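Under the numbering used here, the first residue of the sequence shown is numbered 249, with each subsequent residue one higher.
Okay, structure first, notes after.
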Amino acid sequence: MRTFLLKRLPSGLAVLVAASFVVFLMLRLIPGDPATTLAGPDASPATVAAIRERLGLDAPLASQYLHWLGQVLTGDLGPSYAIGGQVSALIGDGLVATFQLTVAALLLVVLLAVPTALWAVSARRRPLAGVLRALTTGALAVPPFVTGVVLVLVFAVGLGLLPAGGQASLFDAPDLAVQYLALPALCLALPSAAILARYLQDGLERALAEDYVRTATALGVPRRRILWRHALPNALPPAITVLGLQIGQLIAGAVVVERIFAWPGLGQLIEQGVQRRDYPVVQDLLLLVVAGYVTVQLLTDLLYSWLDPRVRWE
């Protein structure tokens with residue numbers, strides 16, 4: 249396992265370095281100047297130049313890039329240009345909220361996808377299998393912002409069961425926090441749950457078509473036992489890889505979902521940073537998202553290799 253991990257680490261570090269360069273360069277290429285935004289529309293060129301010098305934006309790009317990497321490596325991300333406060337504090341506040349939302353959505357993905365796939369491959373539930381496949385197709389086809397609006401109209405406006413937006417402390421008022429968390433987590437989880445359910449269903453159907461399953465069926469082994477004891481363990485390793493990829497999609501989708509439900513997470517912080525040309529906030533957040541995605545993929549590979557030792561031998 250340690251050798252497998254050492255083989256994966258260099259590629260992960262290479263992805264982070266490449267991502268840092270792309271993020272840094274992309275922000276400099278898009279239209280807009282932080283100094284002009286901070287100075288205001290009526291500022292003189294001298295004022296704009298003074299702000300650029302104060303922020304270090306008049307230095308060569310290579311120097312700015314290396315200065316930023318140094319801040320990231322030392323953990324001192326510096327002050328925000330426009331939002332105010334230290335970047336590390338801003339990210340820390342938003343990270344807690346986004347982490348809560350992503351973990352809740354991930355739990356919903358598993359709780360929705362696994363039973364859906366198991367029900368869909370049950371031989372005695374063929375009509376239900378068709379209904380479930382249609383529901384997963386619908387969940388994949390509808391974009392999250394439409395799903396979010398529908399959930400708000402039905403559960404918040406129509407039925408009045410859940411709040412339409414906002415957040416409550418999970419430690420001070422756990423019941424209220426779960427109510428605020430329910431709709432954004434469900435909106436975020438539905439597309440990933442549909443993908444995982446379809447993938448797991450296909451894996452279960454392939455496993456059930458194997459000769460050992462036919463032999464077990466001929467010997468009178470109950471189908472439920474075959475499904476849980478033999479087919480599901482064989483279908484899980486590829487599904488875990490898909491789940492790891494979906495975690496990255498959950499983090500990216502949180503940007504949209506947080507906007508719909510007024511959830512104070514990293515998505516809203518990225519939006520504020522882009523609107524105000526706040527380079528430190530945006531580039532640190534994007535690099536954090538990439539680092540989280542790389543870490544999840546690394547953990548997924550380790551879990552996959554633990555479940556299937558053949559992966560470690562490749």
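Glycine included, each C-beta is placed from N, C-alpha and C at the ideal position.
In this text, all values refer to a predicted model and were calculated from it rather than measured experimentally.
The shortest C-alpha to C-alpha distance from Gln520 to any of Leu264, His478 and Gly332 is the one to Gly332. Assigned with DSSP and collapsed to three states, Gln415 falls in coil, not helix or strand.
Unbroken alpha helix (DSSP H) stretches of 4 residues or longer found wholly inside the stretch 458-532: 459-466, 471-474, 480-508 and 514-523, given in chain order. Between Arg302 and Thr384, the C-beta gap is not smaller than 8 angstroms, which leaves the two residues out of contact. Taking the Cα positions, Ala441 is about 17 angstroms away from Leu480. Linking Leu321 to Glu458 through their CA atoms gives a straight-line distance of about 51 angstroms. In this model, Gly260 and Val542 are separated by some 6 angstroms (Cα to Cα). A direct Cα-Cα distance of roughly 54 angstroms separates Ser417 from Thr463. Judged by DSSP in its simplified three-state form, Pro327 adopts strand.
Beta-bridge partners of Gln334 (DSSP): Pro327. Leu517 places its beta carbon less than 8 angstroms from that of Leu533.
Counting the other Cβ atoms within 10 Å of the Cβ of Leu434 gives 16 or more, which makes it buried. Beta-carbon to beta-carbon, Gly413 and Ala510 are separated by about 4 angstroms, close enough to satisfy the 8 angstroms threshold.
Each residue's CA atom was taken as its position, placing Val530 and Leu253 some 30 angstroms apart. The three-state reading of DSSP puts Val379 in helix, counting H, G and I together. In this structure, DSSP gives Gly408 a state outside helix and strand, which the three-state scheme calls coil.
Going by DSSP, Leu434 is part of the alpha helix (DSSP H) stretching over Pro422 to Leu456. In the three-state reduction of the DSSP assignment, Ser268 falls in the helix class, which pools H, G and I.
Around the beta-carbon of Arg472, fewer than 16 other beta-carbon atoms lie within 10 Å, marking it exposed. The beta carbon of Ile299 sits closer than 7 angstroms to those of Ala283, Leu286 and Ala287, all from its chain and outside the five residues before and after it, given in chain order.
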